[in-house]
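The block underneath contains the structure these notes are about, expressed in structure tokens.
Number of protein chains: 2
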Amino acid sequence: MNAKTPTAQEQVTARLRTEIVTGLLPPGVQVRQEALAASYGVSRVPLREALKILEGEGLVQYYPHRGFFVTELNVEDLHEIYRLRGLLEAEAIAQAVPTMHEDDVEAIESLLNAVDAAVLSGDLQQLHQANRAFHFAIFDHAGLPRLSRLLHQLWDATDVYRGLYFQEEDHRDLIAHEHRGILAALRSGDAAAVVEWQAGHRQHSEQAVSRWISGARPES
Amino acid sequence: MNAKTPTAQEQVTARLRTEIVTGLLPPGVQVRQEALAASYGVSRVPLREALKILEGEGLVQYYPHRGFFVTELNVEDLHEIYRLRGLLEAEAIAQAVPTMHEDDVEAIESLLNAVDAAVLSGDLQQLHQANRAFHFAIFDHAGLPRLSRLLHQLWDATDVYRGLYFQEEDHRDLIAHEHRGILAALRSGDAAAVVEWQAGHRQHSEQAVSRWISGARPES
DNA sequence: AAAGTCAGGATTGGATACAATCACGACATG
DNA sequence: CATGTCGTGATTGTATCCAATCCTGACTTT
Chain L
9 MNAKTPTAQE
19 QVTARLRTEI
29 VTGLLPPGVQ
39 VRQEALAASY
49 GVSRVPLREA
59 LKILEGEGLV
69 QYYPHRGFFV
79 TELNVEDLHE
89 IYRLRGLLEA
99 EAIAQAVPTM
109 HEDDVEAIES
119 LLNAVDAAVL
129 SGDLQQLHQA
139 NRAFHFAIFD
149 HAGLPRLSRL
159 LHQLWDATDV
169 YRGLYFQEED
179 HRDLIAHEHR
189 GILAALRSGD
199 AAAVVEWQAG
209 HRQHSEQAVS
219 RWISGARPES
Chain C
9 MNAKTPTAQE
19 QVTARLRTEI
29 VTGLLPPGVQ
39 VRQEALAASY
49 GVSRVPLREA
59 LKILEGEGLV
69 QYYPHRGFFV
79 TELNVEDLHE
89 IYRLRGLLEA
99 EAIAQAVPTM
109 HEDDVEAIES
119 LLNAVDAAVL
129 SGDLQQLHQA
139 NRAFHFAIFD
149 HAGLPRLSRL
159 LHQLWDATDV
169 YRGLYFQEED
179 HRDLIAHEHR
189 GILAALRSGD
199 AAAVVEWQAG
209 HRQHSEQAVS
219 RWISGARPES
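Chains L and C supply the protein sequences, listed in that same order. Counting with my numbering, you get residues 9 to 228 for the letters of the first sequence. Counting with my numbering, you get residues 9 to 228 for the letters of the second sequence.
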């Protein structure tokens, strides 16, 4: 339809990813290929390829002849993911900070302002994107594309639940506070401090999501 | 054909992976879908899904409307991959060693014997599998499935070149020596020593592959 | 002669149609 | 009443066919 549409199935991948991430396709449900393909207005072929990609990212799981199911995490899974994030984010930050200049920091600050704006507007989807853009602007500055990719995968894996974290008012205040802490440490060029702020930030997120997972699912 | 054949396209994925890993499909070449599908005796659909999976693993790269190309690594890519491996393998080992018992070590030793046997037989495919089984028996013992998966991805990414490392005689001797070192450290329960041996092992591999990449490709 | 343009062929992207497999429920049987 | 078996419908897996895009080479134009 649009001249700029590249390989229509990337759109399917992106859309499917956001629908899983935002909880529109909740964890545990089976992905009915035909119905979904129809609702997207495409055939099953590009949808299946999208599902294969998302399987590689861990967002869905595949059982032969049974189909695709949205990944469901337990507390141990969550803990492992955050642990790995801790390891890799520290590496990324340590690599990124020393080579960061004035204008880099300012670019990141503008991203942070976008996060705040999204908080005010109340658009969760927007908030999600802006938050990720802010953090990955730092990670990406390390210039290690595979490290960034692994981090993306780990973030994707918990995005299913992260939306919940954003929904509560006081969480957002805490997030804003921690983001400013990260930025200040960034500006002073103190890599260790950035790592520290990021660790605290991560820990709060993990605790909130962990509480939610434990509480919201009595059995199974 | 066989009663036990699950979802014929997994076979395609496995076969394609080994053909890339063993160098039968060398880095840089384009994967011609129709020809390959025909040679595998399947349609293009399962082949494409296999390629999507391999793209997720980093073995091939995808350019819209151009096709899939076997990933070609430069020295920086290689260095990044080995650096990330260092980080994650150390974590896995540190987690795995303390909970390792007598029989676990013996199981790993038998895997190591399989590696030696493969070296003697000269079967590179077999050697490749056995080597991976040995190392991942240790990593997997950490009980962190996502960590194992990330490590698999990193290993996959360099498998394209690893076969070259195995092909030289004296390399194999060094490998055998280092493997025994790892096993001995494992048996004594000294996690730090295991990490150390593994680091040396990794470094030799990186140096060899790095030399090969630099030397074998004058331009481009 | 050099550079831009355009057709033809080749290759990939996607849709439809058919085959294989599985889940679920009814029924028979102990 | 519990349990095993079988058939039917639904869902996934694969092949074939058509459309969209790209690469290559020759031709035109300056």
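Even for Gly, the Cβ is constructed at its ideal location relative to N, Cα and C.
9 Å Cβ cut-off: residues of chain L touching C:I89: Within the second sequence, the letter at position 81 stands for residue 89 of chain C. Around C:I89, the beta-carbon contacts reaching into chain L at under 9 Å are R154.
DSSP three-state assignment for L:N10, whether helix, strand or coil: As a first step, residue 10 of chain L must be located in the first sequence, where it is residue number 2. Here L:N10 scores only 34 on pLDDT, less than 50, and its place in the model is too uncertain to base an answer on.
Chain L contact residues for C:T15, given Cβ-Cβ distances below 9 Å: Taking the first residue of the second sequence as position 1, residue 15 of chain C is located at position 7. What C:T15 touches in chain L, judged by beta-carbon distance under 9 Å, is P72, H73, going in chain order.
Residue nearest to L:W205 in terms of C-alpha spacing, selected from L:A102, L:A45, L:S156: Taking the first sequence and counting its residues from 1, the one referred to as residue 205 of chain L is at position 197. Residue nearest to L:W205 within the set L:A102, L:A45, L:S156 is L:A102 (criterion: CA-CA distance).
Three-state secondary structure (DSSP) of C:Q211: Residue mapping note: residue 211 of chain C aligns to position 203 of the second sequence, counting from 1. C:Q211 falls in the helix class under three-state DSSP.
Alpha-carbon spacing of C:L132 relative to C:N121, whole angstroms: On the second sequence, residue 132 of chain C is found 124 positions in, with the first residue counted as 1. On the second sequence, residue 121 of chain C is found 113 positions in, with the first residue counted as 1. If I take the Cα positions, the gap works out to 15 Å.
C-alpha gap between L:E227 and L:I221, whole angstroms: Sequence index remark: in the first sequence, residue 227 of chain L carries index 219 (1-based). Sequence index remark: in the first sequence, residue 221 of chain L carries index 213 (1-based). Note on L:E227: pLDDT 39, under 50, position unreliable in the model; the coordinate value appears next. Distance between the alpha carbons of L:E227 and L:I221 is about 11 Å.
Chain-ordered residues of the region 46-63 of chain L with a beta carbon less than 8 Å from chain C: Per Cβ criterion, the list reads V53, R56, E57, K60, I61, E63.
Pick from C:G64, C:S196, C:D178 that is closest to C:E110, judged by C-alpha positions: Residue mapping note: residue 110 of chain C aligns to position 102 of the second sequence, counting from 1. When the alpha-carbon of C:E110 is set against those of C:G64, C:S196, C:D178, the nearest one is in C:S196.
Cα-Cα separation, C:R225 to C:V83: Within the second sequence, the letter at position 217 stands for residue 225 of chain C. Within the second sequence, the letter at position 75 stands for residue 83 of chain C. In this predicted model, C:R225 has a pLDDT of only 47, less than 50, meaning its place in the structure is not dependable; the value taken from the coordinates is given anyway. So the two alpha carbons sit approximately 11 Å from each other.
First and last residue of the uninterrupted alpha helix (DSSP H) at C:V29: One-based indexing of the second sequence puts residue 29 of chain C at position 21. In this chain, the alpha helix (DSSP H) harbouring C:V29 covers 16-29.
Chain-ordered chain L contacts of C:E214 [CB-CB under 9 Å]: Position 206 of the second sequence, counted from the first residue, corresponds to residue 214 of chain C. What C:E214 touches in chain L, judged by beta-carbon distance under 9 Å, is nothing: the nearest beta carbon there is about 14 Å away.
Contacts of L:E99 in chain C (Cβ-Cβ under 7 Å): Working through the first sequence from its first residue, we reach residue 99 of chain L at position 91. Chain C residues near L:E99: L95.
Contacting residues, own chain, Cβ-Cβ under 6 Å from C:Q134 (five flanking each side not counted): Here residue 134 of chain C corresponds to residue number 126 of the second sequence, with the count starting at 1. The answer, listed in chain order, is A126.
Within 9 Å, strictly: CB atoms of C:E65 and C:H160: Here residue 65 of chain C refers to the residue found at position 57 when the second sequence is read from its first residue. Here residue 160 of chain C refers to the residue found at position 152 when the second sequence is read from its first residue. In this structure, C:H160 lies closer than 9 Å to C:E65 by Cβ.
Proximity of C:V20 and C:H136 at Cβ, strictly below 9 Å: Working through the second sequence from its first residue, we reach residue 20 of chain C at position 12. Working through the second sequence from its first residue, we reach residue 136 of chain C at position 128. Between C:V20 and C:H136, the C-beta gap is not smaller than 9 Å, which leaves the two residues out of contact.
Proximity test, Cβ basis, 9 Å: L:Q161 and chain C: Stepping through the first sequence from its first residue, residue 161 of chain L is reached at position 153. So, interface residue.
Close Cβ partners of C:I116 (< 6 Å) along its chain, the five nearest in sequence each way excluded: Translated into the one-based positions of the second sequence, residue 116 of chain C becomes position 108. So the list reads A145, once near-sequence residues are dropped.
Proximity test, Cβ basis, 9 Å: C:A67 and chain L: The residue labelled residue 67 of chain C in the question sits at position 59 within the second sequence. Checking the displayed sequence, the identity of residue 67 of chain C turns out to be Leu instead of Ala. For C:L67, the answer is no, since every Cβ of chain L falls outside 9 Å of its Cβ.
Three-pair Cβ contact test at 8 Å for the region 31-42 of chain C versus the region 67-86 of chain C: Enough Cβ pairs lie closer than 8 Å, so yes.
Own chain residues within Cβ distance below 8 Å of L:V50, not counting five before or after: For the purposes of this step, residue 50 of chain L is taken as residue 42 along the first sequence, with counting starting at 1. Closer than 8 Å at Cβ, skipping near neighbours: A16, Q17, V20.
Secondary structure, beta strand (DSSP E): runs of 3+ residues fully inside the region 65-114 of chain L: As far as the region 65-114 of chain L is concerned, its whole beta strand (DSSP E) runs of at least 3 residues are 68-71, 75-78.
Spatial distance of C:M9 from C:Y48 (CA atoms): What you label residue 9 of chain C is simply residue 1 of the second sequence in a count that begins at 1. What you label residue 48 of chain C is simply residue 40 of the second sequence in a count that begins at 1. Any reading at C:M9 must be qualified, since the residue scores a pLDDT of 35, below 50, and its modelled position is unreliable; no value is offered.
For C:Q38, the residue or residues it bridges with in DSSP: Residue mapping note: residue 38 of chain C aligns to position 30 of the second sequence, counting from 1. Per DSSP, the beta-bridge partners of C:Q38 are C:F77.
Collapsed DSSP secondary structure at L:G130 in the structure displayed: Here residue 130 of chain L refers to the residue found at position 122 of the first sequence. Looking at L:G130 - three-state DSSP - the assignment turns out to be coil, as it is neither helix nor strand.
Whole-number beta carbon distance between L:L152 and C:R154, since they are thought to touch under 8 Å: Start at 1 with the first residue of the second sequence, and residue 154 of chain C comes out as number 146. Start at 1 with the first residue of the first sequence, and residue 152 of chain L comes out as number 144. Not confirmed; about 19 Å, so no contact.
Short CB-CB distance (under 9 Å) between L:L158 and chain C: To locate residue 158 of chain L, count along the first sequence from 1; it is residue 150. Nearest CB-CB separation between L:L158 and chain C: below the 9 Å threshold.
Local conformation of C:L155 per DSSP, three classes: Translated into positions along the second sequence, residue 155 of chain C becomes position 147. Of the three classes helix, strand and coil, the one that applies to C:L155 here is helix, per DSSP.
Contact check, L:H179 vs L:A216, beta carbons under 9 Å: Locating residue 179 of chain L in the first sequence gives position 171, where the first residue counts as 1. Locating residue 216 of chain L in the first sequence gives position 208, where the first residue counts as 1. Yes, the pair counts as a contact, with Cβ atoms nearer than the cut-off.
Three-state class that DSSP yields for C:V50 in the structure shown: Translated into the one-based positions of the second sequence, residue 50 of chain C becomes position 42. When DSSP states are grouped into helix, strand and coil, C:V50 belongs to the coil group.
Residue from C:V105, C:L191, C:L95, C:P14 whose Cα sits closest to the Cα of C:A150: As a working note, residue 150 of chain C is residue 142 in the second sequence. Among C:V105, C:L191, C:L95, C:P14, the Cα nearest to that of C:A150 is on C:V105.
L:D181 - containing alpha helix (DSSP H), residue span: In the first sequence, the residue the question calls residue 181 of chain L occupies position 173. Residues 177-195.
Contact belief for C:R52 with C:Q41 at Cβ below 8 Å, rounded distance in angstroms: Position 44 of the second sequence, counted from the first residue, corresponds to residue 52 of chain C. Position 33 of the second sequence, counted from the first residue, corresponds to residue 41 of chain C. Confirmed, about 5 Å.
Rounded C-alpha distance that separates L:D164 from L:R140: For the purposes of this step, residue 164 of chain L is taken as the residue at position 156 of the first sequence. For the purposes of this step, residue 140 of chain L is taken as the residue at position 132 of the first sequence. L:D164 and L:R140 have their C-alpha atoms spaced approximately 10 Å apart.
For L:D124, the three-state DSSP class (helix, strand or coil): In the first sequence, the residue the question calls residue 124 of chain L occupies position 116. DSSP places L:D124 in helix when its eight states are reduced to three.
Beta-carbon proximity of L:P72 to C:P72, cut-off 9 Å: Here residue 72 of chain L is taken as the residue at index 64 of the first sequence, counted from 1. Here residue 72 of chain C is taken as the residue at index 64 of the second sequence, counted from 1. Against a cut-off of 9 Å, the Cβ pair of C:P72 and L:P72 comes out as no contact.
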